[in-house]
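Novice:
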Amino acid sequence: MLKRGFGRLKGRLTFSNVVAVIALFIALGGASYAAVKIPKNSVGTKQLKKNAVNSNKVKNHSLLAKDFKKGQIPKGATGPKGPVGATGAAGLKGVAGPAGLPGADGATGATGPTGADGIPGVTGAEGPTGPAGSDATGPPAILTGSGPMNPTIFNNGSPWDIALLPLSGPLANSLSISSTPTLYNSNGVVQTIPRDGTVTSFSGWFYSQGALALIASTLRFTGKLYLSPNGSDPLTPQPGSSCTSQPLTGVIGIGTIATFMCTGLNIPVTQGSIGFFTLEASVTGAPGVAGIPVQGSMSIAIS
Numbered sequence: 015m016l017k018r019g020f021g022r023l024k025g026r027l028t029f030s031n032v033v034a035v036i037a038l039f040i041a042l043g044g045a046s047y048a049a050v051k052i053p054k055n056s057v058g059t060k061q062l063k064k065n066a067v068n069s070n071k072v073k074n075h076s077l078l079a080k081d082f083k084k085g086q087i088p089k090g091a092t093g094p095k096g097p098v099g100a101t102g103a104a105g106l107k108g109v110a111g112p113a114g115l116p117g118a119d120g121a122t123g124a125t126g127p128t129g130a131d132g133i134p135g136v137t138g139a140e141g142p143t144g145p146a147g148s149d150a151t152g153p154p155a156i157l158t159g160s161g162p163m164n165p166t167i168f169n170n171g172s173p174w175d176i177a178l179l180p181l182s183g184p185l186a187n188s189l190s191i192s193s194t195p196t197l198y199n200s201n202g203v204v205q206t207i208p209r210d211g212t213v214t215s216f217s218g219w220f221y222s223q224g225a226l227a228l229i230a231s232t233l234r235f236t237g238k239l240y241l242s243p244n245g246s247d248p249l250t251p252q253p254g255s256s257c258t259s260q261p262l263t264g265v266i267g268i269g270t271i272a273t274f275m276c277t278g279l280n281i282p283v284t285q286g287s288i289g290f291f292t293l294e295a296s297v298t299g300a301p302g303v304a305g306i307p308v309q310g311s312m313s314i315a316i317s
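Using the numbering used here, the first residue of the sequence shown is number 15, and each one after it goes up by one.
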């Protein structure tokens with residue numbers, strides 16, 4: 015009977031039952047030593063009661079941080095900064111970002127050195143002809159001829175021999191003609207006009223080289239400008255160029271002066287025209303005056 019009961023009990027014994035009974039005995043008896051010695055490595059998680067292991071039953075310094083839940087162990091003081099780690103490998107180049115706003119203009123830099131001259135460009139087409147410029151306003155050209163002259167007078171007082179002077183420069187010996195002036199009979203006094211322009215004035219100055227008594231008569235001298243625009247005959251007196259001196263009367267002594275001046279003329283001339291001056295003498299009143307030799311000059315101004 016006892017054997018049967020023990021056998022039945024033995025069949026129902028388990029590790030957990032044994033541990034429970036032992037724990038009960040220890041708890042009831044208040045003893046700290048188990049009456050039955052538990053084999054080594056025979057108690058596991060299944061044999062422990064929930065919350066059976068408390069702080070008093072854990073050996074100091076025997077647990078690890080991993081034995082605690084996150085946040086159960088208080089955070090310790092921050093340790094010293096560790097050494098700088100080695101530089102990592104360069105990462106891949108990132109995508110280019112959007113362009114930034116334009117910056118403010120910088121200060122103007124210093125002027126650089128002058129560069130070398132470039133190769134000359136191709137000559138451009140000729141432009142249209144511009145408008146004609148205004149006439150030059152430079153000083154007028156003055157032509158003056160001088161020398162001895164001996165104009166003579168008919169008995170009726172009209173001119174007879176005509177004295178000639180060159181347009182410019184002195185004449186050594188007097189030259190007079192009694193017919194129409196031509197290139198042939200005016201040889202030695204013909205000269206050219208040096209420039210295009212307009213004759214604006216004509217003047218003459220003379221002084222007598224002999225004495226003459228004019229009784230009831232008056233003597234006058236008249237100068238003229240003869241020109242040929244084509245450089246050949248005929249040479250003709252230019253309109254407006256006939257200028258007469260003041261009248262001389264009474265006793266004319268050596269050195270008596272006679273003059274004439276014509277201004278406001280408008281006689282066009284061209285460069286290359288040829289010509290000379292002439293001087294005539296005439297008497298009004300009592301006839302019988304043959305003439306009087308003079309020394310003098312005649313001038314024109316060309317603008």
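Quick reminder that beta carbons are idealized off the backbone N, C-alpha and C, glycines included.
Please report how far the alpha carbon of residue 293 lies from the alpha carbon of residue 209, in whole angstroms.
Specialist: On the sequence shown, position 279 is the one that residue 293 refers to. On the sequence shown, position 195 is the one that residue 209 refers to. Taking the straight line joining both Cα atoms gives about 24 Å.
Novice: Taking only the alpha-carbon atoms, compute the straight-line gap between residue 64 and residue 71 and give it to the nearest angstrom.
Specialist: Taking the first residue of the sequence shown as position 1, residue 64 is located at position 50. Taking the first residue of the sequence shown as position 1, residue 71 is located at position 57. Each residue's Cα considered, the two are about 14 Å apart.
Novice: Specify, as a first and last residue, the run of the beta strand (DSSP E) that residue 274 falls within.
Specialist: As a position in the sequence shown, residue 274 is number 260, starting the count at 1. Looking at the DSSP string, the run of the beta strand (DSSP E) that includes residue 274 is 271-283.
Novice: Quick one: which unbroken beta strand (DSSP E) runs of 3-plus residues sit fully inside the stretch 173-217? Chain order, please.
Specialist: With a minimum length of 3 residues, the continuous beta strand (DSSP E) runs that stay inside the stretch 173-217 are 176-179.
Novice: Under a three-way DSSP split, which group does residue 79 fall into?
Specialist: For the purposes of this step, residue 79 is taken as the residue at position 65 of the sequence shown. Here residue 79 sits in helix by DSSP.
Novice: Taking DSSP's pairing of strands, which residues face residue 289 in a bridge?
Specialist: Locating residue 289 in the sequence shown gives position 275, where the first residue counts as 1. Paired residue(s): 205, 241.
Novice: Which runs of the beta strand (DSSP E) at least 3 residues long sit entirely within the stretch 98-153? Give them in chain order.
Specialist: Uninterrupted beta strand (DSSP E) stretches at least 3 residues long and entirely within the stretch 98-153 do not occur.
Novice: Between residue 169 and the ligand GDP, is there a pair consisting of the residue's CB and a ligand heavy atom that are separated by less than 7 Å?
Specialist: Among the components modelled here there is no ligand, and therefore nothing to report on the ligand GDP.
Novice: When we look at the beta-carbon of residue 119 and count the other beta-carbons within 10 Å, is it buried (16 or more) or exposed?
Specialist: Locating residue 119 in the sequence shown gives position 105, where the first residue counts as 1. It is exposed - the Cβ of residue 119 has fewer than 16 other Cβ atoms within 10 Å.
Novice: Suppose contacts are defined by Cβ-Cβ distances below 8 Å. Is residue 258 in contact with residue 236 by that definition?
Specialist: Residue mapping note: residue 258 aligns to position 244 of the sequence shown, counting from 1. Residue mapping note: residue 236 aligns to position 222 of the sequence shown, counting from 1. Against a cut-off of 8 Å, the Cβ pair of residue 236 and residue 258 comes out as a contact.
Novice: Roughly how far, in whole angstroms, is the beta-carbon of residue 225 from the beta-carbon of residue 266, given that I think they are within contact range, below 8 Å?
Specialist: To locate residue 225, count along the sequence shown from 1; it is residue 211. To locate residue 266, count along the sequence shown from 1; it is residue 252. Sure, about 7 Å apart at Cβ, within 8 Å.
Novice: Since residue 297 sits in a beta bridge, which residues does DSSP pair it with?
Specialist: Here the question's residue 297 lines up with position 283 in the sequence shown. For residue 297, the pairing in a beta bridge is given by DSSP as 233.
Novice: According to DSSP, is residue 246 part of a helix, a strand, or is it coil?
Specialist: Here the question's residue 246 lines up with position 232 in the sequence shown. Residue state, collapsed to three classes: coil.
Novice: Are the Cβ atoms of residue 168 and residue 308 separated by less than 8 Å?
Specialist: In the sequence shown, the residue the question calls residue 168 occupies position 154. In the sequence shown, the residue the question calls residue 308 occupies position 294. Cβ distance not < 8 Å, so residue 168 and residue 308 don't count as in contact.
Novice: Would you mind sorting residue 20 into buried or exposed? The rule is 16 or more other CB atoms within 10 Å of its CB.
Specialist: Residue 20 sits at position 6 when you count from the first residue of the sequence shown. For residue 20, the predicted model reports a pLDDT of 49, less than 50, meaning its position is unreliable; a value from the coordinates is still stated below. Burial call: exposed.
Novice: DSSP three-state call for residue 69: helix, strand or coil?
Specialist: Locating residue 69 in the sequence shown gives position 55, where the first residue counts as 1. Correct three-state label for residue 69: helix.
Novice: Could you spell out where the beta strand (DSSP E) holding residue 161 opens and where it closes?
Specialist: To locate residue 161, count along the sequence shown from 1; it is residue 147. Segment 155-163, the beta strand (DSSP E) holding residue 161.
Novice: What is the DSSP secondary structure of residue 86, counted as helix, strand or coil?
Specialist: Start at 1 with the first residue of the sequence shown, and residue 86 comes out as number 72. In the structure shown, residue 86 sits in coil (DSSP, three-state: anything other than H, G, I, E or B).
Novice: What three-state label does DSSP hand residue 309 in the structure shown?
Specialist: In the sequence shown, counting from the first residue as 1, residue 309 sits at position 295. Strand, per DSSP.
Novice: Should residue 312 go down as buried or exposed, given a rule of 16 or more other Cβ atoms within 10 Å for buried?
Specialist: Residue mapping note: residue 312 aligns to position 298 of the sequence shown, counting from 1. When all chains shown are included, residue 312 counts as buried.
Novice: Under 6 Å Cβ to Cβ from residue 204, same chain only, skipping five residues before and after it: list those, please.
Specialist: Taking the sequence shown and counting its residues from 1, one reaches residue 204 at position 190. Once the five neighbours on either side are set aside, the close Cβ partners of residue 204 are 288, 290.
Novice: Which two residues bound the contiguous beta strand (DSSP E) that contains residue 92?
Specialist: Stepping through the sequence shown from its first residue, residue 92 is reached at position 78. First-last for residue 92: undefined, no H or E at that position.
Novice: Between the beta-carbon of residue 162 and the beta-carbon of residue 187, is there less than 8 Å?
Specialist: As a first step, residue 162 must be located in the sequence shown, where it is residue number 148. As a first step, residue 187 must be located in the sequence shown, where it is residue number 173. Cβ distance < 8 Å, so residue 162 and residue 187 count as in contact.
Novice: Under 8 Å between the Cβ atoms of residue 157 and residue 189?
Specialist: Within the sequence shown, residue 157 is the residue found at index 143, counting from 1. Within the sequence shown, residue 189 is the residue found at index 175, counting from 1. Result no, Cβ atoms of residue 157 and residue 189 do not sit closer than 8 Å.
Novice: Over what stretch of residues does the beta strand (DSSP E) that includes residue 166 continue unbroken?
Specialist: For the purposes of this step, residue 166 is identified with residue 152 of the sequence shown, where counting begins at 1. No beta strand (DSSP E) holds residue 166; DSSP gives it neither H nor E.
Novice: Among 260, 160, 104, which one has its Cα closest to the Cα of residue 184?
Specialist: Along the sequence shown, one-based indexing puts residue 184 at 170. Checked all of 260, 160, 104; the closest Cα to residue 184 is 160.
Novice: Leaving aside the five residues before and after residue 285 along the sequence, list all residues of the same chain whose C-beta is less than 7 Å from its C-beta, in chain order.
Specialist: If you number the sequence shown from 1, residue 285 lands on position 271. Within the same chain, residue 285 has close Cβ partners 207, 208, 209, 210.
Novice: Could you give the C-beta distance for residue 295 and residue 305, rounded to a whole number, given that I count them as a contact under 8 Å?
Specialist: Counting from one through the sequence shown, the residue named residue 295 turns up at place 281. Counting from one through the sequence shown, the residue named residue 305 turns up at place 291. With 8 Å as the limit, residue 295 and residue 305 qualify as a contact, their Cβ atoms being about 6 Å apart.
Novice: Counting only the same chain and skipping the five closest in sequence on each side, list residues whose C-beta sits under 6 Å from that of residue 88.
Specialist: The count along the sequence shown starts at 1 and reaches residue 88 at position 74. Once the five neighbours on either side are set aside, residue 88 has no close Cβ partner at all.
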